[in-house]
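In the working numbering, the protein residues as written are 37 to 556.
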């Protein structure tokens with residue numbers, strides 16, 4: 037019964053066709069630049085030019101500087117010997133025979149081969165090189181939504197999670213936005229997994245497609261009598277079952293391409309366990325980011341009353357066993373949302389509705405993309421610079437037009453820290469947490485409120501009391517505001533201030549005696 041359920045479920049999964057994406061094209065004519073020390077280059081010269089490949093051999097030593105930019109079909113190599121003018125070479129393919137790769141990336145560009153001659157024969161190397169001649173296509177794996185991006189504001193770099201996590205070096209900063217080089221991107225997907233806002237979206241396959249085909253797979257598994265499904269995300273071409281559990285393998289391009297949104301949704305669609313199967317080919321930076329995300333999600337599961345081990349990462353399935361205690365959930369039937377945060381909150385709400393409402397708040401580890409903003413009322417002047425900077429629109433100008441106020445919608449906060457870096461008074465702090473009650477999470481609440489200050493001449497409100505008090509206190513020692521009349525102008529609206537200056541002989545003459553005024 038179990039094997040039949042697994043078989044039918046996997047047939048359903050395989051029959052699902054993901055939405056196509058655009059393609060990236062590479063064109064390689066077989067121009068190969070070979071880089072290495074004198075010994076390796078001498079050995080490599082046994083590689084023979086033919087109709088498919090042409091070679092340029094370059095010997096390096098400790099004084100040689102090599103700069104390599106590009107990808108398959110469009111490499112630019114600049115070699116500088118001993119500080120002289122650089123020699124520039126164009127190449128379709130790079131063959132790097134150095135002990136350590138000249139490009140310090142955990143995921144090398146397409147067309148960049150790093151081999152040690154003691155581990156590879158020249159025949160096998162040449163065969164690999166020939167495979168890189170011609171025209172090639174790959175999917176465009178990502179979509180970037182700049183309006184959601186929290187990378188930078190007002191010339192300051194704030195969130196760099198995607199840049200730090202990308203093992204291919206495909207993401208760079210444009211100060212307030214990022215740029216993703218689709219030719220360098222190899223579909224690692226960790227950028228989308230670690231992005232707190234969903235500004236980078238993994239599109240092939242999309243979150244919606246991945247979620248819906250897993251939902252249908254698990255529906256088929258249950259309809260065929262299957263119990264205690266264990267979904268295993270893996271990257272191997274073939275999958276060998278090594279556990280007594282009913283395993284449902286889901287092959288993905290890269291382990292980092294599946295994130296908290298898909299893991300949690302897989303649980304609510306009916307999986308008893310979700311396992312991320314890691315191998316040695318997963319870049320270290322990706323493993324580190326996955327560990328962070330799993331830790332955050334396990335905190336959420338624990339706070340919801342579920343066994344946190346229902347989602348885990350492991351190196352081998354040999355020791356995998358059924359969980360001792362699991363809180364069975366009624367499987368969700370809703371279609372998978374497109375947006376990352378929508379998927380996470382929808383899954384959390386589905387679980388919370390089935391649990392005893394013993395708590396409404398979960399404290400989360402640092403790095404979580406959910407949380408609170410706290411205002412220091414003594415510092416805040418309600419300048420609202422945080423409102424215009426907030427990428428998630430979590431901070432908002434209050435709806436009460438009679439009183440200046442700052443309001444907050446917690447479900448929109450991505451804990452990026454933009455507000456803390458933007459606030460001129462350092463009046464904001466953030467704290468990672470999760471409000472489980474959907475209504476409270478989505479409601480707008482006032483963080484800080486002040487009374488308007490009316491112009492002392494005409495009575496028109498033009499600022500808050502805190503702004504006027506702070507400005508008056510800061511400028512009262514300045515020589516231009518030593519007289520009571522000049523200091524009172526700070527308490528006037530713009531029109532009345534100008535009128536008073538015109539009527540003030542001392543101000544119009546400009547005869548401020550700085551030294552005399554200060555000494556007095």
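From the three backbone atoms N, C-alpha and C, an ideal C-beta is built for every residue, glycine too.
Apart from the 5 residues on each side of it in sequence, residue 105 sits with its Cβ closer than 6 Å to the Cβ of 112 in its chain, given in chain order. Close CB contacts of residue 62 within its chain, under the 6 Å cut and outside five residues either way in sequence, are with 108, 109 and 172 (chain order). A Cβ-Cβ distance of about 6 Å is found for the pair residue 401 and residue 335, placing them in contact under the 8 Å criterion. The stretch 460-468 makes contact with the stretch 407-416, as at least three CB pairs between them are under 8 Å. With fewer than 16 other CB atoms across the displayed protein chains lying within 10 angstroms of its CB, residue 181 is exposed. Taking C-beta atoms under 8 Å as the contact rule, residue 205 and residue 184 fail to qualify, at a distance of about 23 Å. Linking residue 266 to residue 302 through their CA atoms gives a straight-line distance of about 10 Å. Using a Cβ-Cβ distance cut-off of 8 Å, the stretch 245-264 and the stretch 292-311 are in contact, since at least three pairs of beta carbons, one from each stretch, lie closer than that value. Three or more Cβ pairs drawn from the stretch 223-240 and the stretch 196-211 lie within less than 8 Å of each other, which places the two stretches in contact.
DSSP, reduced to helix, strand and coil, places residue 63 within a strand of the structure shown. Between the alpha carbons of residue 152 and residue 133 lies a distance of about 6 Å.
In this structure, the alpha-carbon of residue 69 lies about 11 Å from that of residue 149. Counting the other Cβ atoms within 10 Å of the Cβ of residue 353 gives 16 or more, which makes it buried. Here DSSP, grouped into helix, strand and coil, assigns residue 253 to helix. Excluding sequence positions up to five before and after residue 88, its CB lies within less than 7 Å of the CB of 66, 166 and 169, all in the same chain and listed in chain order. CA-CA distance, residue 188 to residue 154, rounds to 46 Å.
If you look at residue 229, you'll find it in the alpha helix (DSSP H) that goes 226-230. The C-beta of residue 256 has 16 or more other C-beta atoms within 10 Å across all chains shown, which makes the residue buried. The three-state secondary structure of residue 544, taken from DSSP, is helix.
Residues of the same chain with a CB within less than 8 Å of the CB of residue 194, apart from the 5 flanking positions on each side, are 186, 187, 188, 452, 453, 454 and 457 in chain order. For the options 291, 416 and 59, the alpha carbon positioned closest to that of residue 461 is the one of 416. For residue 488, the uninterrupted beta strand (DSSP E) segment begins and ends at 488-490.
A residue is called buried when at least 16 other Cβ atoms come within 10 angstroms of its Cβ; residue 513 does not meet this threshold and is exposed.
In the structure shown, residue 485 adopts extended strand secondary structure according to DSSP, grouped into three states. Of all C-beta pairs linking the stretch 329-348 to the stretch 236-243, fewer than three are shorter than 8 Å, placing the two stretches out of contact. By a beta-carbon distance limit of 8 Å, residue 346 does not contact residue 391. Their separation comes to about 14 Å. The stretch 442-451 makes contact with the stretch 413-432: 3 or more CB pairs, one atom from each, lie closer than 8 Å. Cβ neighbours of residue 47 within its own chain (closer than 6 Å, five residues either side excluded): none. As the crow flies, the alpha-carbon of residue 383 is around 10 Å from that of residue 299. The residue from 450, 52 and 83 with its alpha-carbon nearest to that of residue 161 is 83. Boundaries of the alpha helix (DSSP H) around residue 381: 376-388. Each of 176, 190 and 232 was checked against the Cα of residue 196, and the nearest Cα belongs to 232. Nearest C-alpha to residue 176 among 99, 56, 526 and 192: 56. The Cβ-Cβ distance between residue 448 and residue 434 does not fall below 8 Å.
Between residue 282 and residue 42, the CB-CB gap stays under 8 Å.
If you draw a straight line from the Cα of residue 90 to the Cα of residue 157, it comes to about 18 Å.
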